[in-house]
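To start, the structure under review is shown below, and the notes come after it.
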Amino acid sequence: MNLKHEYAKAITRRHFFGRMGMGIGAIALNDLLSGRSAAVAAEKPVGQPSAAELSRKIAAIAPKAKAVIYLHMAGAPSQLDLFDYKPALVPLNGKDCPEEFLKGKRFAFIKGVPKMLASPFKWAQHGPSGAWLSEVWKHLPQVLGDIAIVKSMNTEQFNHAPAQLLLHTGTQLLGGASLGSWATYGLGTENQNLPGFVVLTSGGKTPDAGVSVWGSGFLPSIYQGVQCRTDGDPVLFLSDPQGLDRAGRRQTLDALRQLNEMQVQAIGDPETVTRISQYELAFRMQVSVPDAMDISRESKQILDLYGARTGYVSDLGNKSGDVRDLYRGDDPTFANNCLLARRLVERGVRFVQLYDWGWDHHGVAPGEHIPTILPIKVQQIDRAFTGLIKDLKQRGLLDTTLVIWGGEFGRTPMQQNNNAKFIGRDHHPESFTMMLAGGGIKPGQVYGETDELGYNITENPVSIRDLQALILTQLGLDPWKLAYNYQGLQQRLIGVEGKAKVPRGLLA
Amino acid sequence: MDQISYSLATRLGILMGLCCSFAVICHGGEIDFNREVRPILAENCFRCHGFDPAGRKAGLRLDERDGAMGKLKSGSIAVVSGKPKESEMINRVTSDDDEEKMPPPSTGKQLTPAQIQTLQKWIAGGAAYSKHWSFIPPVKAMLPKVRLSDWTRNAIDSFILARLEQEGLTPSPQVDRRTLARRVALDITGLPPSPADMDAFLKDTSEESYERLVDKLLASPAYGEHWGRRWLDLARYADTKGYEKDLKRTIWPYRDWVIDAFNADMPYDRFTREQLAGDLLPNPSNSQLIATGFHRNTLTNEEGGVDAEEYRVIAVKDRVDTTVQVWMGLTMGCAKCHTHKFDPISQRDYYQFYAFFNQTEDANRGDDSPVVRVAVSGDSARLGKLNAALADKNRQLEKMAGELSEAELAWEEQLRHETIWQIVRPATMRAASSSTLAYQSDGSILAESKEPEKETYTLHFPPGETRLTGLRVEVLPDKKHPRSGVGRSHDDGNFVLTGITLKARAPDGVETPIAFTNAVADFSQQGYLVEQALKNPDPKHRGWAVSPKIAEPHMAVFTTEPHDLAAGTELILTLDHQFEFPYPGFSFGRFRISVTDSVAPRLSPPIPASIQAILRRDSAQRTAKDRDEVRTYFVSISPQTKSVRDEIEKLKVEMGAVPSIATPILRELPTEKHRQTRMMVRGNFLEPADGVEPATLASFQAFPAHAPKNRLGVAEWLCSRDNPLTARVAVNRVWAGMFGTGIVETQEDFGTQGTPPSHPELLDWLAVDFMDGGWSQKKLIKTLVLSATYRQSSSVTKELAGRDRFNRFLARGPHFRLEAETIRDEALSVSGLLSRKMSGASVMPYQPPGLWKSTYSDDRWQTSPGEDQFRRGIYTFIKRTTPYPSMMTFDGNSRETCTLRRSRTNTPLQALVTLNDPVFIQCAQALSRRMVMEGPGTPEGQIAFGLRTALLREPTPQEVKVLVQLYNDRLEASRQDPQGAEKLAASALGTIPPGIGAPRMAALTAVANVILNLDEFLTKG
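Keeping their order, the protein sequence lines are chains A and B.
With the first letter of the first sequence counted as 1, position 476 gets the number 476 in the numbering used here; the numbers rise by one all the way through.
With the first letter of the second sequence counted as 1, position 956 gets the number 956 in the numbering used here; the numbers rise by one all the way through.
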């Protein structure tokens, strides 16, 4: 946090938007005191960023998307068993991997010469784009006309935590600011009564890189993601204490405000003014968050569309051992989270980040055996993702909501263990597949191509930097200019070097 | 440019507008090298023309004047002072020829016209290079002259006032005494002043009363807790190891060391030395070892399949980055991969500095070794003494080892005549009872059954031996047996060998008994001697036993007349366990049989196979490692060392009896085991490059001449008077802790990209004074809080709001929100719940259930019992991946990396914590009880008491009136809802004080809840 930068920002903003003749503090105070003397506050400085400030940011370039729903499949799903059909692997199945693929490569777990691995699933073409999908997808074909499949994603990192950090925070090290925090830093939020950046998790674990993937890093902590929970208070400490009803809380806050206003008159610190408004916002959040998080308000039709189930609380987080052994295809946690994502976006939340853990299928444990675990994981998300796209579309929200689905890297065309009981693939940063939809993405296309074994990209590569640039651009933020000075460098989501290009072919 | 990005230029513009007299920024219209030129050169040129000779092209370096102005091989000169047109640099950067153009097009870099213009102007103006301000050692400037000289109390005020007068501002009046007492107590101890201290201060109206209060606060143990907690942000102290598994780590003794060090006002140079290199001090004390926990707070990755070396390297890099950040305020991280773009730190510098830290024993191990044992409570002095005695004995042993060469040779010679025992494996094994016998990989035999009974083991050994002079029985402790003993007696793990017979069975089936002539054991139980097993008239009551040493291995040797065995002869051994008093079952649990043909077999300890293997080789064939191993082994058995070894054993036993825990420390590898440090291409540990030797940063003062070339030397170098940064960074940090913002606002960056100091001469004066004053932080703090600057009122006048929004000129006192831990401590303190218990394992105050989702461990958050849940925030258990949520909401720290500056946000989630967190509700309930028990009888009086208790000042009638109104409203509502009232008043604390009733208590609880949420309460005013 750098006061001077905040100050500079405020000044700059004021310079460009003359309507803000007074600082935020003054505005907030005037809002609050409505006509009462604000002599002390008339020339108030802008203190640290506040939620009030969040709402007053304006996009730099014409935005295509107002909100983002990012569905991260932590562990990295196998593109070769879901999207990237490689019949050429069939005759090579079980044969040694050609040496050219191994030279100079570093694998997380593969040792020696691995065998090639064909997908154990049947494949068919679907939709207007004729996209190949494996048989594990039952619902997805219905929305292929609305999404773009990007087969040419690639990354620089091949271990989970660093790859997740690079993708979500722009650096493989701890301490970067996450996508959602950049978005709220750049744009603010549209609904002051809800956090601008909400995180929901499923799969029984948080992502490998921990809470840092939704942290604000060097940005002020007000921009960090707020994790909403499905058991207990949806946001920590949201409930009033036992025995104090809403009317009682209102009375206490009225008294608090009166006393704090006396403090404003006595000392005149604009932070006090901000604090008064934050208490009011907290009061409103106490209603708006549970409302947004209550899927029982949805019709049965909508619940069915997603495969959501009201009142379901996963207990996977409390189990010991390998939770993947306990996975059930009909677990509705992810579906519930998708429905919540729509409800939040509908209410003006800027960035909704879902993490679903359990996609790391090496084939060294029962919970990593692709022929059995992949259909279970896909069952958990297939209907939910398809339902989310349909629902956003029928509500007219898809045009302004960018939906992203994918892992942190791909999986190898080789089997990891040559003579294992279970079948799985190692980490593969060279190529993987993601799905994009809405928010100005050209729908119904398959973008990019890989070689006949699915090892390297042959057409239209999209790097993590490119994806980050794309997301910011669609939100109306210039990825090269959205920066924050920290540790002597102009920190950017796309990296200090700024090596990124927006893949124009993906845009409508 | 848009409203979000604010380029350097914009920032500069604003900075200049705001503080155009910052001497270091502006020199009229001249180009400032550090601000304007260095970044261009660093970004575009230094990669090939910088400090790093390895990457230097065309022999040109542009990072220093001589290099830039020297004649190049090509004959041209890059920078010709005053003559841009003759400067090859300008020709190259403006060239259209791709072959000539700089930076080369292949780099993708290109100078903007504005940048080229800057370079041209700079050269035209004389191409001055300048050293960055903070790289020049500080000197005490003369105190500036001021007009309002009777306002000043000490040197600080002169500097501050001079600046204010320059700006046409006047200082604020002194703050009222109550507010001053609260401010200074919160700043020094992190707690509000106790009522007694406050009263004493208010009663004593003398000029010295304030200083007396300050001295009292500095002497309070709470001082060490408050400032120690801030240091722990730098030390990235936490109670878990981080990464995916994030298992617990026992390193709280380091936290206690920090608190103690602050309380003892350990001079900062010694504080530095002990933390960075306590293990390298002569005869380090336990406390000095614990201090090295500073750098054992790095993360450990225990995820399956990780490369331990990779994470060891990451931890060492973290130590390097943290050391340079904390002591010198420089960001070094980027030099891992490439030479620093802006500050004079090359990649080589990085790895040379890294080499100092690359020689410790720790290596991403799950057990956190190396560790030192620390007494859990009370006995730390005793344990410290024992540790010291142990270290002393170990040194003695080491010294003896060096003097044992001759004895070792003699021993080896003797070994040639020594009994050579051959472990024999039975072809068949039989137990008379239902026991099973199983042969183990170490040659032993494990006996097991549901219920041990009287027993006879019969073992048939295949032919193989030709001559026999004796037989050895080893009995070995085993976890499978009672009390992990050597025997199977279910009460005590003992055995009784009641008989032993041996027969030779010739190939023709004829069996001949072989008589034992003698028996000797390493230990026999009183009354149960090994000889009894040879001829035993009363096997039900007599035999060889080993109580009480049942958990140690033992052996007995049974000698025979020398006996030649014809080819094909089998041996049959029976071991009898017929003892049955008071119950049967006294049989061997695990045992091993060996035979020998040595003359006069003796009871000598078995030599490990690995040592035997070495001894079989000629000494000429042995490697240094072999010799080492043999020496180590010999020392461990030699009679010359026995008395020392016995003492060591005794000390260990004594230490084992002191309740203690093991805490991680740094320990240097012995010289011969030092790692070779190599540079890493792009920071990748898999791509090692040139080897480097340890060295401190080349652009700073030289390594102290007589200091050892290790971490201790680094500590000396950091705290040398010539180090331009260490003292400045330290005093700036303390300043920021009191005034909210550092004199250098970027506490983490004193390099060329950091913000310039608001009062450079003041910073230098304080830095020099700090060193002159023996690096005493208490003295420094006292200087700060005694200044008139500190004592000003923090009220914001309209003029000040307009002129100096961020209070950088300090025309008013500090006013800002308290830190996460302080808010907690303050609420607990005024409500009377706070426990002042210090030190010990971290505690778990209440947090909502279900936050820890550790898949790989059974760690659970369990609210600590009793007063432990009400201890100061510094003692709260920090799990790095799930830190304590309410403190995180107030910008607390998850301690994954060194944090030099916390942000200070103002969010609705914070309101939810102080309004609703059950901990704060508990505080409200407790405060309302105090209002009733300690306040007067009327609601007005009780409410005024509550306000006075929390805010430490007389409330205004208006304030009381607002809360009385709330009280009345809530009283009425509570009467309508007695059950709700009961919950609000007593959900956490239980029984309501007699005679008051739930509705009134509930109304007062609501009032207390408001008091604990007042802006004034959450703010240092």
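In this text, a Cβ means the ideal position worked out from N, Cα and C, and glycines have one as well.
Assigned secondary structure, residue i (DSSP; H/G/I helix, E/B strand, else coil)
i, result
"Glu531 (chain B)", "helix"
"Asp426 (chain A)", "strand"
"Tyr457 (chain B)", "strand"
"Pro63 (chain A)", "coil"
"His132 (chain B)", "coil"
"Arg675 (chain B)", "coil"
"Ser202 (chain A)", "strand"
"Gly402 (chain B)", "helix"
"Trp544 (chain B)", "strand"
"Met266 (chain B)", "coil"
"Gln942 (chain B)", "helix"
"Arg472 (chain B)", "strand"
"Pro883 (chain B)", "coil"
"Pro664 (chain B)", "strand"
"Ala427 (chain B)", "coil"
"Ser444 (chain B)", "coil"
"Glu99 (chain B)", "coil"
"Thr179 (chain B)", "helix"
Residue i and residue j closer than 8 angstroms at C-beta
i, j, result
"Pro994 (chain B)", "Val964 (chain B)", "no"
"Pro675 (chain B)", "Asn358 (chain B)", "It should be pointed out that residue 675 (chain B) corresponds to Arg in this sequence rather than to Pro. Yes, they are a contact pair."
"Asn732 (chain B)", "Val744 (chain B)", "yes"
"Gln286 (chain A)", "Leu238 (chain A)", "yes"
"Gln474 (chain A)", "Leu402 (chain A)", "yes"
"Ala76 (chain A)", "Trp359 (chain A)", "yes"
"Thr512 (chain B)", "Ala504 (chain B)", "yes"
"Asp246 (chain B)", "Thr240 (chain B)", "yes"
"Gln164 (chain A)", "Pro429 (chain A)", "no"
"Gln747 (chain B)", "Arg901 (chain B)", "yes"
"Phe461 (chain B)", "Ala427 (chain B)", "yes"
"Cys923 (chain B)", "Leu984 (chain B)", "no"
Close-in-space but distant-in-sequence residues of the same chain around residue i (CB under 7 angstroms, 5 per side omitted)
i, result
"Thr752 (chain B)", "Asn34, Arg38, His132, Phe342 and Asp343"
"Phe543 (chain A)", "In the structure as shown, chain A begins at 1 and stops at 508. Residue 543 (chain A) is therefore absent and cannot be evaluated."
"Glu954 (chain B)", "Arg948"
"Thr882 (chain B)", "Leu851 and Trp852"
"Leu340 (chain A)", "Leu200, Met293 and Ile295"
Same chain, Cβ closer than 6 angstroms to residue i, neighbours up to 5 away in sequence not counted
i, result
"Ser903 (chain B)", "Asp891"
"Thr201 (chain A)", "Tyr355"
"Phe262 (chain B)", "Gly224, Trp227 and Gly228"
"Arg975 (chain B)", "Pro999"
"Ala424 (chain A)", "Just to set this straight, residue 424 (chain A) is Gly in the shown sequence, not Ala. So the qualifying residues of the chain are His361, His362, Gly363, Glu368, Ile370 and Gln416."
query: Is there contact between the segment 149-162 of chain B and the segment 751-765 of chain B, where contact requires at least three CB pairs shorter than 8 angstroms?
result: yes
- prompt: Okay, do the segment 362-378 of chain B and the segment 656-674 of chain B touch, 3+ Cβ pairs below 8 angstroms being the bar?
  reply: yes
Meets three-Cβ-pair contact criterion under 8 angstroms: the segment 626-645 of chain B and the segment 481-497 of chain B: no
- prompt: Do the segment 251-261 of chain B and the segment 275-295 of chain B make contact, defined as three or more Cβ pairs closer than 8 angstroms?
  reply: yes
query: Along the chain, which unbroken stretches of the beta strand (DSSP E) at least 3 residues long are found entirely within the segment 317-394 of chain B?
result: 371-375
field: In chain order, each alpha helix (DSSP H) run of at least 4 residues that lies wholly inside the segment 202-263 of chain B
entry: 209-219, 221-234 and 252-263
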